[in-house]
Each structure stands twice: as C-alpha cells, then as structure tokens.
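K.L.:
Mapping of the sequence shown onto the numbering used here: residues 22 to 268, in sequence order.
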Amino acid sequence: MASYEFLAASYDALMRDADYARRAAFVEKLFLRAAKREVHTVLDLACGTGTMTCLLTERGYELISVDGSEDMLMRAREKAEGVRGIPPLFLHQSMTRLDLNDTVDAAICCLDSLNYLTEARDVRRAFERLRLFVSPGGALVFDVHALGKLEAMDGETYFDEADGVCCVWQTAFRRGLLDYRVELFARRADGAWTRSTEYHRQRYYAVEDLAQWLREAGFADVRACGDCRMRRPTAADGRIYISARRK
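1. Going by DSSP in three states, V259 sits in which element: helix, strand or coil?
2. Would you kindly work out how many angstroms separate the C-alpha atoms of L119 and D211, rounded to a whole number?
3. Just checking, does the stretch 191-206 make contact with the stretch 158-174 on the three C-beta pairs under 8 Å criterion?
4. A55 to V144, Cα distance in whole Å?
5. Measuring straight from C-alpha to C-alpha, what distance separates V63 and W234?
6. So what does DSSP say about T74, is it helix, strand or coil?
7. Starting from the Cα of E219, find the closest Cα among L231, S86, Y201, R236 and give me that residue.
8. Taking just the CA atoms, how far does V186 sit from L35?
9. What residue range is occupied by the uninterrupted alpha helix (DSSP H) comprising Y41?
10. Run the CB neighbour count on R146, radius 10 Å, all protein chains shown included, and call it buried at 16 or more, exposed below.
11. Have a look at M73, A128, T178 and flag the residue whose alpha-carbon is nearest the alpha-carbon of E149.
12. Going by DSSP in three states, Y82 sits in which element: helix, strand or coil?
13. Could you spell out where the beta strand (DSSP E) holding A160 opens and where it closes?
14. Identify which residue in A256, F47, G259, R208 has its Cα closest to the Cα of C249.
15. Within 10 angstroms of the Cβ of I107, are there 16 or more other Cβ atoms? Answer buried if so, exposed if not.
16. If you check the beta carbons only, do V165 and I261 fall under 9 Å apart?
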C-alpha cells in the first residue's frame with residue numbers, strides 16, 4: 022500500500038466532500054443487518070486518518086483501528102483524542118498480516134482501501150486473516166471502486182485546493198490497474214510553497230470474484246449494494262459496498 026507520507030497531512034482537507042457521517046451510518050446499517058450476533062467491537066481495517074473510527078466510537082462501539090501507514094495512524098491518534106466513548110486501539114499493520122489479540126463482532130474496510138491490494142492472492146489473504154479475527158456470526162463490510170468509475174478516470178487530470186494545499190492528480194486506467202500520480206503543493210508559514218510527489222496504484226475487482234473469495238475464506242450471505250443505497254449496484258454507482266457474515 023502507498024505510504025501516504027506526504028498526503029497524510031492534507032488528506033482530511035482534500036476528502037472534505039466524502040460525507041463520512043452518511044457513510045458511517047450506512048456501514049453500521051450493513052454490519053448490523055449482516056451480523057447474527059450483537060455488535061460491540063468493530064475493526065476498522067485500513068482506517069486512514071481515523072474519521073470512521075471516531076464516528077463509530079461516538080456511536081457506542083469499541084474500535085480497533087489498523088493501518089499500514091504510520092503517518093496516517095499518527096493523524097488518526099490525534100483525531101481520536103477527546104472523542105466520546107471507549108478510546109480506540111490503533112495498530113500499525115498491513116491488511117494481509119492482520120494479527121489481533123482477540124476477535125471482533127464486525128469489521129469494516131472503507132473508501133476503496135481494498136483496491137490498494139493489487140494482487141488477487143493478497144485480497145484472498147486479507148479475507149483469510151479477517152476470518153481469523155471476526156467472531157462466528159460477525160459481519161464484514163467493505164467498499165470497492167465500480168468499473169465505470171475507474172474507466173472514466175483513464176487519462177484524466179484533477180485539481181483540488183483546500184487549506185493552503187493544492188493537489189494535482191493524474192490518472193491512467195489500463196488492464197484493471199489504476200495508476201495515479203499525486204503532486205502536492207503546500208504553503209509554508211513564510212509564504213513559500215513546498216512540492217512533493219506520491220505514486221499510487223489500485224486494482225479493479227469484480228463483485229463476483231470478491232464474493233467467491235469471501236466464501237472460500239469462510240464467509241457467507243455475501244451481498245452487494247450501491248453507493249450508500251440499500252439496492253443492487255447500478256452503472257451510476259461510483260462505489261460498491263459488500264457485506265458478508267462469518268460462518
């Protein structure tokens with residue numbers, strides 16, 4: 022997974038339109054529907070800067086939050102200070118090497134984090150690790166990019182500006198892989214600008230393949246939903262949400 026070494030500091034400002042509150046409510050609805058047990062503990066896998074962690078903590082859940090980027094985790098820990106509820110536990114781990122001391126009642130993986138696993142064997146490995154740490158009857162909910170969204174990003178350049186940061190994204194989508202170059206320009210206190218560059222890569226996965234790998238890993242009742250809508254995905258959905266129950 023990309024390190025987010027430079028992007029971490031500006032991530033929240035650039036993701037200001039992500040509507041996290043709505044997504045947290047939708048993810049909660051999905052894992053409560055999928056689970057066959059009461060949900061008290063939740064794993065936030067690839068938690069990023071911890072916004073979903075904080076929202077679910079304030080909803081009364083006990084969170085274990087894992088990310089492969091130390092820079093993102095540092096932001097997440099800072100954000101969680103003073104949040105109402107049980108303080109989250111933050112762990113620096115990759116999705117494919119998840120290792121918890123206990124099981125959880127539900128696990129989530131949001132905002133296309135799974136797409137950063139660019140080899141099918143790594144996705145299957147992540148599902149196998151999740152099976153170890155989601156309790157029987159517990160739920161798994163994650164979202165992935167829809168194919169139409171990725172195809173529309175091929176050859177595009179995007180510009181965003183917020184809180185003294187300018188970001189230029191250049192994207193290319195070929196043979197199931199989305200590559201994007203991120204140029205970040207941050208204004209310093211003295212008025213000068215610094216420039217940094219990151220390269221990110223994601224892979225498209227079909228719902229049918231993901232469902233098969235989930236079943237092979239020990240999950241059942243696999244369902245796909247549109248982007249924050251309790252209905253089947255359509256071509257208009259940018260993200261597809263998938264829920265499953267641990268056998």
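We put the CB at the ideal spot given by N, CA and C, even for glycine.
P.N.:
Taking the geometry as given:
1. Residue identity check: residue 259 is Gly in the sequence provided, not Val. Three-state DSSP puts G259 in coil, outside helix and strand.
2. 42 Å
3. yes
4. 21 Å
5. 22 Å
6. helix
7. Y201
8. 8 Å
9. 41-55
10. buried
11. A128
12. coil
13. 155-166
14. F47
15. exposed
16. yes
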